[in-house]
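Novice: Listed in order, the protein sequences are those of chains A and B. Read left to right, the first sequence gives residues 68 to 233 (the working numbering). Read left to right, the second sequence gives residues 68 to 233 (the working numbering). For glycine and all other residues, C-beta sits at the position ideal for the given N, C-alpha and C. Got a structure for you, written out below as structure tokens; questions coming shortly.
Protein chains: 2
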Amino acid sequence: MVPSLNETPLNLERFMPYRLSVLSNRVSALIAKLYSDQFSLTIPEWRILAVLGRYGEMTATEVAGRTAMDKVRVSRAIARLLEAERLARRVDPHDRRRLTLEMTETGRAVYDQIVPLALSAEKRLLASLPAADLAAFERLATHLNAAVAAFEAELGVVLDGADEGV
Amino acid sequence: MVPSLNETPLNLERFMPYRLSVLSNRVSALIAKLYSDQFSLTIPEWRILAVLGRYGEMTATEVAGRTAMDKVRVSRAIARLLEAERLARRVDPHDRRRLTLEMTETGRAVYDQIVPLALSAEKRLLASLPAADLAAFERLATHLNAAVAAFEAELGVVLDGADEGV
DNA sequence: TGCGATTTGTTTCTTATGAAACTAATATCG
DNA sequence: CGATATTAGTTTCATAAGAAACAAATCGCA
Numbered sequence: 068m069v070p071s072l073n074e075t076p077l078n079l080e081r082f083m084p085y086r087l088s089v090l091s092n093r094v095s096a097l098i099a100k101l102y103s104d105q106f107s108l109t110i111p112e113w114r115i116l117a118v119l120g121r122y123g124e125m126t127a128t129e130v131a132g133r134t135a136m137d138k139v140r141v142s143r144a145i146a147r148l149l150e151a152e153r154l155a156r157r158v159d160p161h162d163r164r165r166l167t168l169e170m171t172e173t174g175r176a177v178y179d180q181i182v183p184l185a186l187s188a189e190k191r192l193l194a195s196l197p198a199a200d201l202a203a204f205e206r207l208a209t210h211l212n213a214a215v216a217a218f219e220a221e222l223g224v225v226l227d228g229a230d231e232g233v
Numbered sequence: 068m069v070p071s072l073n074e075t076p077l078n079l080e081r082f083m084p085y086r087l088s089v090l091s092n093r094v095s096a097l098i099a100k101l102y103s104d105q106f107s108l109t110i111p112e113w114r115i116l117a118v119l120g121r122y123g124e125m126t127a128t129e130v131a132g133r134t135a136m137d138k139v140r141v142s143r144a145i146a147r148l149l150e151a152e153r154l155a156r157r158v159d160p161h162d163r164r165r166l167t168l169e170m171t172e173t174g175r176a177v178y179d180q181i182v183p184l185a186l187s188a189e190k191r192l193l194a195s196l197p198a199a200d201l202a203a204f205e206r207l208a209t210h211l212n213a214a215v216a217a218f219e220a221e222l223g224v225v226l227d228g229a230d231e232g233v
């Protein structure tokens, strides 16, 4: 039987968006495995700790902007972190809609334990990869981000950076 | 305020697994946008059509293997495709547990319309990217897949290629 | 002022997800 | 042969997801 009547059948294995997706999710699953069991932390929860650890206090909306996560997802992850007392928050006196988030000592202890795990995993994954290839990936990522943005703009779409992983 | 008390704070924007994830999901969301509304097709449904279009008839298990999708996800996507009469299946007479899948004419019509959209989107996204950078990405992908596999093996984990996107 | 528009964050509702249990058919090995 | 293990695919169950509606606070401008 002829595999396809289409003139240019799509070879999934060579389709860049597909490869990117499979690769990304394999890597994410591995990294998540390193902390999810041990600390019972979900991916969005970890992301929140990561941005707070890096940039200090901020609100839920700012976290969503930084992490490219949906605000609902952020809201729920924050609820779990508050419940576990890994996060505390206080009302901004200048604008009482805003709730400023910060890690508690418990939260920071978790963060401080995961960061080295994550960095060493990354280091290990990239070990023996030529530096030039990593630099090329950086360029590809920058290029694709811009190309996607341009395409979206043309489609008149407002796709927020909804995503999944790590 | 000091951003982190950690000696090596994690800079998410430079953390490769994170960049990979955000990039992948942006690209996937864009590609999905090109067909999901128009054909009301989900990502797993599209993947199934894609492998059938490329490789011809196969069973659900084979589809799962090809696409790195979970078998439950495949099963449900097949159910929807059958419901929409985009797929037909028949019992393998040699092994009556096996159900061989093939596209119907309706299914192939959808496939034939989406393939050019997907390929032209990919082409556009990669336009003006130096070929060397794309080749470097191929190497990075190969390298990372192997590195993840090695890491998993060491952790004694059996992570199937569960994934998300495109 | 004051009232409609906007912003922040949560909740509701529907659907998607995957682990584990399950059904049915086949393979294996005593 | 026949009991047990394995395989293909589905269903159940609990959780996660996002769109849209929502509540509360603030902004903006007549």
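#1: Using the C-alpha atoms, what's the distance from Met125 (chain A) back to Arg157 (chain A)?
#2: Near Leu79 (chain B), which residues of its chain fall below 6 Å by C-beta distance, leaving aside the five closest residues on each side in sequence?
#3: Does the pairing of the segment 88-95 of chain B with the segment 86-100 of chain A give three or more beta-carbon distances under 8 Å?
#4: Assuming Thr173 (chain B) is part of the alpha helix (DSSP H), what are its boundary residues?
#5: Report yes if the C-beta distance between Arg153 (chain A) and Val177 (chain A) is below 8 Å; otherwise report no.
#6: Would you mind stating whether Ala199 (chain B) and Ala203 (chain A) have Cβ atoms separated by less than 8 Å?
#7: To the nearest angstrom, how far is the alpha carbon of Leu193 (chain A) from that of Ala117 (chain A)?
#8: In its own chain, which residues sit with a C-beta less than 6 Å from the C-beta of Ser71 (chain B), not counting the 5 before and 5 after it?
#9: For Asp179 (chain A) and Leu149 (chain A), I'd like the C-alpha separation in whole angstroms.
#10: Identify whether Glu169 (chain B) lies in helix, strand or coil by the three-state DSSP scheme.
#11: Using DSSP with H/G/I as helix, E/B as strand and the rest coil, what is Thr109 (chain B)?
#12: Can you name the residues of chain A whose CB is closer than 7 Å to the CB of Asp200 (chain B)?
#13: By Cβ distance, which residues of its chain are closer than 8 Å to Tyr122 (chain B), with the 5 residues on each side in sequence left out?
#14: Count the other CB atoms, across all protein chains shown, that sit within 10 Å of the CB of Glu112 (chain B); report buried if there are 16 or more and exposed otherwise.
#15: Which same chain residues end up closer than 6 Å to Thr173 (chain B) when comparing Cβ atoms and leaving out the 5 residues on each side of it in sequence?
#16: Please name the residue or residues paired with Arg156 (chain A) in a DSSP beta bridge.
#17: Less than 8 Å between the beta carbons of Leu77 (chain B) and Ala188 (chain A), yes or no?
#18: Quick one: what does DSSP say Met136 (chain B) is sitting in, helix, strand or coil?
#19: Measuring straight from C-alpha to C-alpha, what distance separates Glu129 (chain A) and Glu221 (chain B)?
#20: Express the C-alpha separation of Ala144 (chain A) and Asp162 (chain B) in angstroms, rounding to a whole number.
#21: Quick one: Cα of Arg114 (chain A) to Cα of Lys100 (chain B), how far?
#22: How would you list, in chain order, the residues of chain B whose beta-carbon sits under 9 Å from the beta-carbon of Thr75 (chain A)?
#23: Can you tell me the Cβ-Cβ gap for Leu207 (chain B) and Leu196 (chain A), rounded? I've got them flagged as a contact below 8 Å.
#24: Alpha carbon to alpha carbon, how far is Pro160 (chain A) from Arg140 (chain A)? Give it in angstroms, no decimals.
#25: Look at the Cβ atom of Lys237 (chain B), then the Cβ atom of Ala127 (chain B), and state whether they are nearer than 8 Å.
#26: Anything in chain B within Cβ reach of Val215 (chain A), meaning under 8 Å, just list it in chain order.
#27: With DSSP run on the structure shown, which of helix, strand or coil describes Leu79 (chain B)?
#28: How about Val118 (chain A): is its C-beta nearer than 8 Å to some C-beta of chain B?
#29: Output the boundary residues of the alpha helix (DSSP H) element that contains Leu207 (chain B).
Specialist: Looking at the atomic coordinates:
#1: Counting from 1 along the first sequence, the entry for residue 157 (chain A) is found at position 90. Counting from 1 along the first sequence, the entry for residue 125 (chain A) is found at position 58. Near 11 Å, if we compare the C-alpha coordinates of Met125 (chain A) and Arg157 (chain A).
#2: Locating residue 79 (chain B) in the second sequence gives position 12, counting from the first residue. The answer, listed in chain order, is Tyr85.
#3: Verdict: yes, contact present.
#4: Working through the second sequence from its first residue, we reach residue 173 (chain B) at position 106. Start and end: Glu172 to Leu193.
#5: Here the question's residue 153 (chain A) lines up with position 86 in the first sequence. Here the question's residue 177 (chain A) lines up with position 110 in the first sequence. Yes, Cβ-Cβ distance for Arg153 (chain A) and Val177 (chain A) is below 8 Å.
#6: Walking along the second sequence from the start, residue 199 (chain B) turns up at place 132. Walking along the first sequence from the start, residue 203 (chain A) turns up at place 136. The answer is yes: Cβ separation under 8 Å.
#7: Along the first sequence, one-based indexing puts residue 193 (chain A) at 126. Along the first sequence, one-based indexing puts residue 117 (chain A) at 50. One C-alpha to the other measures close to 21 Å.
#8: As a position in the second sequence, residue 71 (chain B) is number 4, starting the count at 1. Any reading at Ser71 (chain B) needs caution, since the residue's pLDDT is 46, under 50, leaving its predicted position unreliable; the model's value is listed next. So no residue of the chain qualifies.
#9: What you label residue 179 (chain A) is simply residue 112 of the first sequence in a count that begins at 1. What you label residue 149 (chain A) is simply residue 82 of the first sequence in a count that begins at 1. Spanning the two alpha carbons is a distance of roughly 18 Å.
#10: Stepping through the second sequence from its first residue, residue 169 (chain B) is reached at position 102. Three-state result, Glu169 (chain B): strand.
#11: As a first step, residue 109 (chain B) is located in the second sequence; it is residue number 42 there, counting from the start. It is coil, neither helix nor strand.
#12: For the purposes of this step, residue 200 (chain B) is taken as the residue at position 133 of the second sequence. What Asp200 (chain B) touches in chain A: Ala203, Arg206 and Leu207.
#13: Along the second sequence, read from residue 1 onward, the residue named residue 122 (chain B) stands at position 55. Hits under 8 Å: Arg133.
#14: The residue you call residue 112 (chain B) lines up with position 45 of the second sequence. Buried: at least 16 other Cβ atoms inside 10 Å.
#15: Position 106 of the second sequence, counted from the first residue, corresponds to residue 173 (chain B). Result list for Thr173 (chain B): Glu152 and Arg153, in chain order.
#16: The residue you call residue 156 (chain A) lines up with position 89 of the first sequence. Note: Arg156 (chain A) sits in a beta bridge opposite A:Leu168.
#17: By 1-based counting over the second sequence, the position of residue 77 (chain B) is 10. By 1-based counting over the first sequence, the position of residue 188 (chain A) is 121. No, Cβ-Cβ distance for Leu77 (chain B) and Ala188 (chain A) is not below 8 Å.
#18: Residue mapping note: residue 136 (chain B) aligns to position 69 of the second sequence, counting from 1. Met136 (chain B) falls in the coil class under three-state DSSP.
#19: Taking the first residue of the first sequence as position 1, residue 129 (chain A) is located at position 62. Taking the first residue of the second sequence as position 1, residue 221 (chain B) is located at position 154. About 38 Å.
#20: Stepping through the second sequence from its first residue, residue 162 (chain B) is reached at position 95. Stepping through the first sequence from its first residue, residue 144 (chain A) is reached at position 77. About 47 Å.
#21: Translated into positions along the first sequence, residue 114 (chain A) becomes position 47. Translated into positions along the second sequence, residue 100 (chain B) becomes position 33. Looking at the backbone, the Cα of Arg114 (chain A) and that of Lys100 (chain B) are separated by about 26 Å.
#22: Locating residue 75 (chain A) in the first sequence gives position 8, counting from the first residue. Simply Val182, Pro183 and Leu186.
#23: Along the second sequence, read from residue 1 onward, the residue named residue 207 (chain B) stands at position 140. Along the first sequence, read from residue 1 onward, the residue named residue 196 (chain A) stands at position 129. Indeed they touch by this definition, with Cβ atoms about 7 Å apart.
#24: Against the first sequence, residue 140 (chain A) aligns to sequence position 73. Against the first sequence, residue 160 (chain A) aligns to sequence position 93. Answer to the nearest angstrom: the Cα atoms are 25 Å apart.
#25: Missing from the structure shown is residue 237 (chain B); chain B here goes from 68 to 233 and no further.
#26: For the purposes of this step, residue 215 (chain A) is taken as the residue at position 148 of the first sequence. Neighbours of Val215 (chain A) on chain B, chain order: Arg93, Val94, Leu97 and Leu192.
#27: As a first step, residue 79 (chain B) is located in the second sequence; it is residue number 12 there, counting from the start. It is helical.
#28: Indexing the first sequence from 1 puts residue 118 (chain A) at position 51. For Val118 (chain A), the answer is yes, since a Cβ of chain B falls inside 8 Å of its Cβ.
#29: For the purposes of this step, residue 207 (chain B) is identified with residue 140 of the second sequence, where counting begins at 1. Per DSSP, Leu207 (chain B) belongs to the alpha helix (DSSP H) from Ala198 to Leu222.
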